[in-house]
Amino acid sequence: MIAAPPTTQAYFNSRTFRILLDSLARPGTLGRLPPPPQGYDLPLLPAMQLPNHYAVAALLSLLDQGTSMAHAAGGLWLSAEHPLTRWFTLRSNAQVETPAYADYVLLHDPASAACLGDLKRGSLTFPEQSCTAFLCVAQLDEHGATWRLAGPGIAGSRTVGIPGLPANVLSVIMATRSDFPLGVDIFCIDVTGACLGLPRTTRIEEVCS
Amino acid sequence: MQQTNEQLYNFGLLDEDAKREIRRSLLKAVAIPGHQIPFASRDLPIARGWGTGGLQITLAIITPEDCLKVIDQGDDAGVNAVNLRRLITQTTGVATTVDSCAASLIQTRHRIPEEPLRADQILVLQVPMVDPLRWVEPNLERATVMHGEADYGRMWVYMYESVVRAGDLRIASQYPVMVNGRYMMDTTPIPRWDVPRLDMAETLFLFGAGREKRIYAVPPHTPVVPLQFEDYPFRTEYQAGQRCVRCGAEQTFLTSHFVPDGAGAGQWVTSCSDSSFCDKRLASAEVQP
Ligand SMILES: [Zn+2]
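Order-wise, the sequence lines are chains S and U. This note's numbering puts the first residue of the first sequence at 1, with every later residue one more than the last. This note's numbering puts the first residue of the second sequence at 1001, with every later residue one more than the last.
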């Protein structure tokens, strides 16, 4: 047997996965996603609507015909006819699904975090049949202190900075995880590719300033 | 022609769809510590029951930069370890090591290496028997519902009756724990010696069962508490005065070997089950005056 070197895409997917896995296993320790490989020819969109390409590539690395997806911008779910939806389905063969049944969602901006409440959280018997959300944020700061995190993967507690979040985001997130083992797992990804995993086990508090 | 017989395999043998499915299951497993996630276990050129669950996890997560260690019963030279290591290196070309400290990815059956593992390492365990509830509920679907409802009353009764019968919690190599205070998890086949080392660890532990098609995980810094009773507390295999005949270690998990004396008799001796740790101690003892 001879080992073939991984293709560029396969290699990217494997490195991305290790960052996602580690970020989810250590909430508050920021992962650094690799830059997407060449050929991520995102569709032409008005500049204001250009998605975070790290988040797009990370989501795409998990999608195939066995999964379904949806995405939202400005707090509104985007249609199946949206150019970026078609771009996703063409490259992944994933199904476009109504948000309440989607396996994976991309939330293009912090305003769309309000949509987290629409997502499936699994059942007691199958809590894994829940949605995983990729939430694009402007900036993540390992030394900042917007939120204090505690739970599995964290020794004691640790803080993380996420400037510029709408005021109600935390309450929306915590409402999705009030009934463990049900819940929505979240990856926050910033414009530099920094990645914060927030599994449903992570308890989050606002840090009083 | 010779070359045409050499097939070019996909990196990591599994196709990309299979890897993606395992990766998605692993993310869920980390998010729900101790909960068993079903996955579509693939057939591999190794018989099921010989570590295909752990092997599929390793093949789904390995990257060319990894340094791999594979052990069986703590031993890098065990037959199962050698076979699995060969398959993984032939299909990935990654570097291998016997040194637990040098490995980024460790696949194991039965043991957690003696040396403390770090945050930048991942331990993949091959699991033969997944569900601790099989003793009280052999039907897997009903057991899944019981896990969902944290319906563990019958299991506690069963455990208590077992320990009263056996005198203490010596249920050989099958020892249930509670993970993050919610899911009951089997620790088979690791010895009781290693059970406390899952608790609040630095390392991520991933478990794969090929035959039963389940994946589960214990993230770092996660409480893992053995089932125990006030009158019958959990105990490891440690025995006062125990000692490795090779390196002299007194705080390791030991295994027994029969050493024949050539005259048809012999004696039982005990040495570290973690062979690489034992070799390291021997080597450093030889260097010192
Ligand atoms: Zn020894």
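Just so it is clear, CB atoms sit at the ideal spot from N, CA and C, and this is done for glycine as well.
Is the Cβ of residue 14(S) closer than 8 angstroms to any Cβ of chain U? yes
message: Given the structure, does residue 1100(U) come close to ligand 1, in the sense that its CB is under 7 angstroms from one of the ligand's heavy atoms?
response: no
**Asked** Along chain U, in chain order, which residues have C-beta atoms closer than 8 angstroms to that of residue 154(S)?
**Response** 1221
Between residue 189(S) and chain U, is there a C-beta pair that is closer than 8 angstroms? no
- Return the residue from the list 153(S), 145(S), 79(S) that minimises the CA-CA distance to residue 164(S). 145(S)
Nearest chain S C-beta to residue 1284(U) closer than 8 angstroms, yes or no?
no
> Name the chain U residues that come within less than 7 angstroms of residue 199(S), Cβ to Cβ?
Replying inline: 1030, 1031
**Request:** Could you work out which residue in 1246(U), 1262(U), 1285(U), 1282(U) is closest to residue 1270(U) when comparing CA atoms only?
**Result:** 1246(U)
**Message:** Please tell me whether residue 1252(U) has its Cβ less than 8 angstroms away from any Cβ of chain S.
**Reply:** no
- Item | residue 147(S), buried or exposed, once every other Cβ within 10 Å from all chains shown has been counted against 16 | buried
> Is residue 1172(U) helix, strand or coil by DSSP?
Replying inline: Caution is warranted here: a pLDDT of 48 is assigned to residue 1172(U), below 50, making its placement in the model unreliable, and no coordinate value can be reported.
Interface residues of the region 1131-1159 of chain U facing chain S [CB-CB below 7 angstroms]: 1144, 1145, 1148, 1149
To the nearest whole angstrom, what separates the beta carbons of residue 137(S) and residue 190(S), a pair I think is in contact under 8 angstroms? 5 angstroms
* Any heavy atom of ligand 1 closer than 7 angstroms to the Cβ of residue 155(S)? -> no
- Message: Any heavy atom of ligand 1 closer than 7 angstroms to the beta-carbon of residue 942(U)?
- Response: Nothing about residue 942(U) can be read from this structure; chain U reaches only from 1001 to 1289.
Notebook entry, point to check: Does the region 173-187 of chain S touch the region 1010-1025 of chain U, meaning 3 or more C-beta pairs lie closer than 8 angstroms?
Noted result: no
query: How would you label residue 51(S), buried or exposed, when you count the other beta carbons within 10 angstroms and need 16 or more for buried?
result: buried
Q | Closer than 7 angstroms at the beta carbon, the chain S residues around residue 1011(U) | A | 3, 4, 5, 6, 10
Fill in: Proximal residues, the region 1072-1098 of chain U versus chain S, C-beta separation under 7 angstroms
1090, 1091, 1092, 1093
May I ask you to check if the CB of residue 1246(U) is nearer than 7 angstroms to at least one heavy atom of ligand 1? yes
Can you tell me which residues form a DSSP beta bridge with residue 1229(U)? 1232(U)
- Query: Taking Cβ positions only, does residue 1020(U) come closer than 8 angstroms to chain S?
  - Reply: yes
Cβ neighbours of residue 1172(U) in the same chain (closer than 6 angstroms, five flanking residues each side left out): Here residue 1172(U) scores only 48 on pLDDT, less than 50, and its place in the model should not be relied on; the value that follows carries that caveat. Here the set comprises nothing.
| Residues of chain U with CB under 9 angstroms from residue 244(S), in chain order? | Look at the range of chain S in this structure, 1 to 209, and you will see that residue 244(S) is not part of it.
Taking 8 angstroms as the cut-off, decide whether the C-beta atoms of residue 1077(U) and residue 1273(U) are in contact.
no
Among residues of its own chain, excluding the 5 on either side of residue 150(S), which ones have a beta-carbon nearer than 6 angstroms to its beta-carbon?
157, 203
Counting beta carbon pairs with one atom in the region 1232-1245 of chain U and one in the region 1072-1091 of chain U, are three or more of them shorter than 8 angstroms? no
Could you tell me whether the Cβ of residue 125(S) comes closer than 8 angstroms to any Cβ of chain U?
yes
Is it buried or exposed for residue 1016(U), if we count other Cβ within 10 angstroms and need 16 for buried? buried
- Report the three-state DSSP secondary structure of residue 26(S) (helix, strand or coil). coil
Mind checking residue 153(S): buried by the 16 CB within 10 Å criterion, or exposed?
-> buried
### Task
Tell whether a beta-carbon distance below 8 angstroms holds between residue 1200(U) and residue 1223(U).
yes
Original post:
Straight-line CA distance for residue 16(S) to residue 1094(U)?
Top reply: 18 angstroms
Could you tell me whether the Cβ atoms of residue 62(S) and residue 1020(U) are closer together than 8 angstroms?
yes
Buried versus exposed call for residue 22(S) [16 or more other C-beta atoms within 10 Å across all chains shown]: buried
Return yes when the Cβ of residue 3(S) is within less than 8 angstroms of the Cβ of residue 1091(U), no when it is not.
yes
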